[in-house]
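Please read the structure below before turning to the comments.
Rendered as structure tokens:
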């Protein structure tokens, strides 16, 4: 069972699953880099765009417990 889930807060779309808490930060980094690459490939400006990712822990009985979130603003700041 995957212990942690990373989802897009706006859509609820599952972005990644992680076995341990140590895997969460690299998975968040990968998701943000992928989002930035998609924007660049589509030649979309990043002004005003943000990606809010939520991290939930899955319990053995199937419940989801909110753990953290990351808000990513692509582009130079």
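Residue numbers (the working numbering): 1485 to 1561. Virtual Cβ for every residue (Gly too), placed ideally from N, Cα, C.
In this structure, residue 1490 places its C-beta atom within 8 angstroms of the C-beta atom of residue 1511. Comparing alpha carbon positions, the residue from 1499, 1524, 1503 closest to residue 1513 is 1499.
When the Cα atoms are used, residue 1524 and residue 1497 turn out to be separated by approximately 21 angstroms. Inclusion of residue 1488 and residue 1509 in the CB contact set at 8 angstroms is not warranted, their separation being larger than that value.
Each residue's CA atom was taken as its position, placing residue 1544 and residue 1522 some 35 angstroms apart.
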